[in-house]
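Residue numbers (this note's numbering): -8 to 210. Single-structure report; data block below.
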(Lines of atoms letter the chains of each structure in order from A and count residues from 1; the text may use other names and numbers.)
(Lines give C-alpha, C1' and ligand atoms only; values in the text may rest on other atoms or scores of the structure.)
Protein backbone atom coordinates (compact mmCIF):
# COMPACT_ATOMS: atom_id res chain seq x y z
CA UNK A 1 0.00 0.00 0.00
CA UNK A 2 2.98 2.30 -0.50
CA UNK A 3 4.31 2.30 3.03
CA UNK A 4 7.65 3.47 1.64
CA UNK A 5 6.04 6.91 1.44
CA UNK A 6 5.70 6.94 5.24
CA UNK A 7 9.47 7.03 5.76
CA UNK A 8 11.12 10.42 6.19
CA UNK A 9 12.78 12.78 8.63
CA UNK A 10 11.33 13.17 12.11
CA UNK A 11 9.15 16.24 12.52
CA UNK A 12 11.68 17.73 14.96
CA UNK A 13 14.70 17.13 12.70
CA UNK A 14 16.97 20.12 12.07
CA UNK A 15 19.70 19.57 9.49
CA UNK A 16 21.91 22.35 10.81
CA UNK A 17 21.94 23.96 14.26
CA UNK A 18 24.48 26.49 15.51
CA UNK A 19 24.28 28.14 18.94
CA UNK A 20 26.84 30.74 20.03
CA UNK A 21 27.09 31.83 23.68
CA UNK A 22 29.35 34.72 24.58
CA UNK A 23 30.22 37.09 27.44
CA UNK A 24 32.62 40.02 27.18
CA UNK A 25 33.89 42.28 29.93
CA UNK A 26 34.05 45.62 28.15
CA UNK A 27 37.44 47.30 28.78
CA UNK A 28 37.33 50.03 31.40
CA UNK A 29 37.25 53.52 29.93
CA UNK A 30 38.98 54.91 33.03
CA UNK A 31 42.19 53.32 31.79
CA UNK A 32 42.19 55.92 29.05
CA UNK A 33 40.59 58.79 30.93
CA UNK A 34 41.28 58.80 34.66
CA UNK A 35 38.15 60.62 35.70
CA UNK A 36 35.65 59.80 38.46
CA UNK A 37 32.61 60.46 36.26
CA UNK A 38 34.01 58.32 33.44
CA UNK A 39 34.76 55.56 35.92
CA UNK A 40 31.25 55.61 37.40
CA UNK A 41 29.43 55.77 34.07
CA UNK A 42 31.56 53.79 31.62
CA UNK A 43 33.38 51.19 33.72
CA UNK A 44 32.21 47.69 34.74
CA UNK A 45 29.99 46.89 31.75
CA UNK A 46 29.44 43.40 30.36
CA UNK A 47 28.03 42.33 27.00
CA UNK A 48 26.55 38.84 26.74
CA UNK A 49 24.17 36.93 24.56
CA UNK A 50 23.08 33.85 22.67
CA UNK A 51 22.87 33.66 18.87
CA UNK A 52 21.01 30.70 17.39
CA UNK A 53 20.77 29.61 13.77
CA UNK A 54 18.86 26.51 12.64
CA UNK A 55 17.43 25.09 9.44
CA UNK A 56 13.68 24.61 9.20
CA UNK A 57 11.71 21.59 10.32
CA UNK A 58 10.51 19.09 7.68
CA UNK A 59 7.20 19.78 5.95
CA UNK A 60 4.61 17.05 5.52
CA UNK A 61 1.21 17.11 3.90
CA UNK A 62 -2.14 15.41 4.09
CA UNK A 63 -4.95 16.61 1.87
CA UNK A 64 -8.64 17.30 2.26
CA UNK A 65 -11.01 16.82 -0.67
CA UNK A 66 -14.28 18.73 -0.66
CA UNK A 67 -17.43 17.62 -2.40
CA UNK A 68 -17.29 14.05 -1.12
CA UNK A 69 -17.74 12.50 2.26
CA UNK A 70 -16.04 9.24 1.27
CA UNK A 71 -12.47 10.37 1.83
CA UNK A 72 -10.63 13.10 3.68
CA UNK A 73 -7.35 13.74 5.45
CA UNK A 74 -8.04 11.21 8.17
CA UNK A 75 -9.76 8.40 6.30
CA UNK A 76 -8.54 4.88 7.08
CA UNK A 77 -8.89 2.73 3.96
CA UNK A 78 -6.16 0.20 4.66
CA UNK A 79 -6.87 -0.77 8.24
CA UNK A 80 -3.54 0.66 9.36
CA UNK A 81 -4.50 4.28 9.81
CA UNK A 82 -2.55 5.30 6.72
CA UNK A 83 -5.03 7.79 5.34
CA UNK A 84 -4.03 9.27 1.99
CA UNK A 85 -1.74 11.89 0.55
CA UNK A 86 -1.81 14.12 -2.56
CA UNK A 87 -0.24 13.26 -5.89
CA UNK A 88 3.17 14.87 -6.39
CA UNK A 89 3.34 16.14 -9.99
CA UNK A 90 6.26 18.59 -9.80
CA UNK A 91 9.01 20.07 -7.63
CA UNK A 92 7.41 21.61 -4.53
CA UNK A 93 10.53 23.51 -3.43
CA UNK A 94 11.06 27.09 -4.57
CA UNK A 95 14.44 28.88 -4.69
CA UNK A 96 15.08 31.04 -1.64
CA UNK A 97 14.59 34.30 -3.56
CA UNK A 98 11.22 33.10 -4.88
CA UNK A 99 9.66 32.26 -1.53
CA UNK A 100 7.10 34.74 -0.25
CA UNK A 101 4.60 34.95 2.57
CA UNK A 102 1.85 34.17 0.07
CA UNK A 103 3.66 31.24 -1.58
CA UNK A 104 6.36 29.60 0.51
CA UNK A 105 6.45 26.51 -1.70
CA UNK A 106 5.15 25.54 -5.13
CA UNK A 107 1.51 24.62 -4.52
CA UNK A 108 1.08 23.64 -8.18
CA UNK A 109 3.33 20.63 -7.51
CA UNK A 110 0.46 18.91 -5.69
CA UNK A 111 -2.82 17.57 -7.01
CA UNK A 112 -5.67 15.55 -5.53
CA UNK A 113 -5.10 11.82 -6.10
CA UNK A 114 -8.74 11.17 -6.88
CA UNK A 115 -11.39 12.55 -9.19
CA UNK A 116 -14.29 10.66 -7.64
CA UNK A 117 -15.17 9.38 -4.15
CA UNK A 118 -12.72 6.68 -3.10
CA UNK A 119 -13.62 3.46 -1.34
CA UNK A 120 -11.90 0.20 -0.46
CA UNK A 121 -13.40 -1.41 -3.59
CA UNK A 122 -12.28 1.31 -6.01
CA UNK A 123 -8.86 1.37 -4.36
CA UNK A 124 -8.49 -2.38 -4.95
CA UNK A 125 -9.61 -2.06 -8.58
CA UNK A 126 -7.07 0.67 -9.28
CA UNK A 127 -9.57 3.40 -10.12
CA UNK A 128 -8.15 5.61 -7.38
CA UNK A 129 -4.95 5.68 -5.34
CA UNK A 130 -3.70 7.21 -2.12
CA UNK A 131 -1.14 9.56 -3.64
CA UNK A 132 2.65 9.45 -3.89
CA UNK A 133 3.84 12.49 -1.93
CA UNK A 134 6.68 11.48 0.43
CA UNK A 135 6.26 11.75 4.18
CA UNK A 136 8.47 14.85 4.10
CA UNK A 137 9.36 16.80 0.96
CA UNK A 138 10.75 20.17 2.04
CA UNK A 139 11.59 22.34 5.02
CA UNK A 140 9.85 25.19 6.71
CA UNK A 141 11.34 28.53 7.78
CA UNK A 142 14.56 28.40 9.77
CA UNK A 143 15.66 30.29 12.87
CA UNK A 144 18.00 33.29 12.90
CA UNK A 145 17.82 34.81 16.36
CA UNK A 146 19.98 37.05 18.54
CA UNK A 147 19.37 37.53 22.28
CA UNK A 148 21.66 40.25 23.67
CA UNK A 149 22.17 41.52 27.20
CA UNK A 150 24.05 44.55 28.54
CA UNK A 151 24.94 44.55 32.25
CA UNK A 152 26.62 46.98 34.61
CA UNK A 153 27.88 46.44 38.13
CA UNK A 154 27.68 49.57 40.26
CA UNK A 155 29.55 49.41 43.60
CA UNK A 156 27.54 51.08 46.38
CA UNK A 157 29.54 50.13 49.44
CA UNK A 158 32.23 47.63 50.25
CA UNK A 159 29.79 44.70 50.31
CA UNK A 160 26.87 46.19 48.41
CA UNK A 161 26.64 46.19 44.60
CA UNK A 162 23.78 47.23 42.33
CA UNK A 163 23.50 45.31 39.06
CA UNK A 164 21.69 46.84 36.09
CA UNK A 165 20.42 44.55 33.32
CA UNK A 166 19.14 45.50 29.86
CA UNK A 167 18.14 42.51 27.72
CA UNK A 168 16.78 42.27 24.19
CA UNK A 169 15.24 39.05 22.86
CA UNK A 170 15.28 38.93 19.05
CA UNK A 171 17.42 42.04 19.40
CA UNK A 172 17.41 42.98 15.71
CA UNK A 173 13.64 42.45 15.42
CA UNK A 174 14.23 40.01 12.57
CA UNK A 175 10.95 38.52 11.34
CA UNK A 176 11.10 34.77 11.81
CA UNK A 177 8.27 32.81 10.27
CA UNK A 178 7.31 29.63 12.09
CA UNK A 179 4.29 27.97 10.46
CA UNK A 180 3.37 27.20 6.86
CA UNK A 181 -0.08 25.89 5.88
CA UNK A 182 0.30 22.39 4.39
CA UNK A 183 -3.38 21.39 4.37
CA UNK A 184 -4.79 21.79 0.85
CA UNK A 185 -8.51 21.72 0.17
CA UNK A 186 -9.55 20.78 -3.34
CA UNK A 187 -12.93 20.96 -4.98
CA UNK A 188 -14.23 17.91 -6.81
CA UNK A 189 -14.71 17.53 -9.68
CA UNK A 190 -11.97 19.61 -11.26
CA UNK A 191 -9.31 19.45 -8.58
CA UNK A 192 -9.14 23.23 -8.07
CA UNK A 193 -8.10 24.69 -4.73
CA UNK A 194 -11.08 25.79 -2.67
CA UNK A 195 -11.72 29.51 -2.26
CA UNK A 196 -10.14 30.93 0.87
CA UNK A 197 -7.54 28.21 1.31
CA UNK A 198 -4.21 29.25 2.86
CA UNK A 199 -2.34 26.32 1.36
CA UNK A 200 1.32 27.26 0.86
CA UNK A 201 1.06 30.49 2.85
CA UNK A 202 3.00 31.49 5.96
CA UNK A 203 0.46 31.68 8.78
CA UNK A 204 2.50 32.47 11.91
CA UNK A 205 5.75 34.03 13.11
CA UNK A 206 7.85 33.85 16.24
CA UNK A 207 7.93 36.68 18.78
CA UNK A 208 9.14 40.13 17.69
CA UNK A 209 11.76 42.00 19.73
CA UNK A 210 11.13 41.99 23.48
CA UNK A 211 13.01 44.37 25.79
CA UNK A 212 13.52 43.71 29.48
CA UNK A 213 15.15 45.89 32.14
CA UNK A 214 15.97 45.04 35.73
CA UNK A 215 17.91 46.34 38.72
CA UNK A 216 19.20 44.02 41.42
CA UNK A 217 20.98 44.87 44.66
CA UNK A 218 23.48 42.29 45.91
CA UNK A 219 24.84 42.32 49.46
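Beta carbons are placed, not taken as given, at the ideal position from N, Cα and C, and that holds for glycine. On a predicted model such as this, the values are computed, not experimentally measured, just so you know.
Out of the options, point me to the one whose CA is closest to residue i's CA.
{"i": "residue 11", "options": "17, 76, 25, 45", "result": "45"}
{"i": "residue 43", "options": "149, 88, 98, 9", "result": "9"}
{"i": "residue 7", "options": "204, 139, 130, 159", "result": "130"}
{"i": "residue 143", "options": "190, 52, 88, 38", "result": "38"}
{"i": "residue 4", "options": "132, 89, 97, 122", "result": "132"}
{"i": "residue 169", "options": "192, 159, 0", "result": "192"}
{"i": "residue 138", "options": "127, 159, 146, 126", "result": "159"}
{"i": "residue 16", "options": "190, 141, 173", "result": "141"}
For residue i, count the other beta carbons within 10 Å of its own beta carbon; 16 or more makes it buried, fewer makes it exposed. Which is it?
{"i": "residue 171", "result": "buried"}
{"i": "residue 27", "result": "exposed"}
{"i": "residue 177", "result": "buried"}
{"i": "residue 50", "result": "buried"}
{"i": "residue 35", "result": "buried"}
{"i": "residue 81", "result": "exposed"}
{"i": "residue 204", "result": "exposed"}
{"i": "residue 104", "result": "buried"}
{"i": "residue 147", "result": "exposed"}
{"i": "residue 175", "result": "buried"}
I believe residue i touches residue j by the beta-carbon criterion, under 8 Å. Please report the beta-carbon distance rounded to the nearest angstrom.
{"i": "residue 83", "j": "residue 102", "result": "Actually they do not touch by this definition, with Cβ atoms about 11 Å apart."}
{"i": "residue 164", "j": "residue 200", "result": "4 Å"}
Give the secondary structure of residue i by DSSP, where H, G and I count as helix, E and B as strand, and everything else as coil.
{"i": "residue 127", "result": "coil"}
{"i": "residue 29", "result": "helix"}
{"i": "residue 51", "result": "coil"}
{"i": "residue 170", "result": "strand"}
{"i": "residue 34", "result": "coil"}
{"i": "residue 81", "result": "coil"}
{"i": "residue 4", "result": "coil"}
{"i": "residue 157", "result": "strand"}
{"i": "residue 71", "result": "Its pLDDT being 49, under 50, residue 71 is placed unreliably by the model, and the measurement read from it follows with that caveat. DSSP places residue 71 in coil when its eight states are reduced to three."}
{"i": "residue 40", "result": "strand"}
Could I get the ranges of all uninterrupted alpha helix (DSSP H) runs contained in the stretch 178 to 210, with 4 residues as the minimum, in chain order? The stretch 178 to 210 is shown to contain no whole alpha helix (DSSP H) run of 4 or more residues.
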